[in-house]
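**Student:** First the structure, which I've put down as structure tokens, then a few questions once you've had a look.
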């Protein structure tokens with residue numbers, strides 16, 4: 003996504019299994035490289051993880 007990924011928009015690099023298609027690739031955005039998953043982020047299930055990521059996107063979205 004050459005101009006960044008807007009909050010709430012699915013990343014074009016996610017596979018159907020929700021894996022990053024460019025993981026380990028130098029083209030991977032710095033923000034993705036710096037995001038380090040922790041138990042609090044992932045929670046008990048996918049629903050918890052998605053809610054956490056949605057809140058993070060909302061908190062860091064530009065105007």
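Numbering (the working numbering), first residue to last: 3 to 65. Cβ atoms here follow ideal geometry from the backbone N, Cα and C, with glycine treated the same way.
Which residue marks the beginning of the alpha helix (DSSP H) containing residue 49, and which one marks its end?
**Tutor:** For this step, residue 49 is matched to residue 47 along the chain shown. Residues 48-62.
**Student:** Whole-angstrom Cβ separation of residue 60 and residue 9, contact assumed at under 8 Å?
**Tutor:** Position 58 of the chain shown holds residue 60. Position 7 of the chain shown holds residue 9. Rounded, the Cβ-Cβ distance is 6 Å, consistent with contact.
**Student:** Kindly give me the distance between the Cβ atoms of residue 3 and residue 14, rounded to whole angstroms, as I take these residues to be in contact under 8 Å.
**Tutor:** Counting from one through the chain shown, the residue named residue 3 turns up at place 1. Counting from one through the chain shown, the residue named residue 14 turns up at place 12. That belief holds up - the Cβ atoms of residue 3 and residue 14 are roughly 6 Å apart, short of 8 Å.
**Student:** Tell me whether residue 44 sits in a helix, a strand or coil according to DSSP, three-state version.
**Tutor:** By one-based count along the chain shown, residue 44 stands at place 42. Note: residue 44 maps to helix in three-state DSSP.
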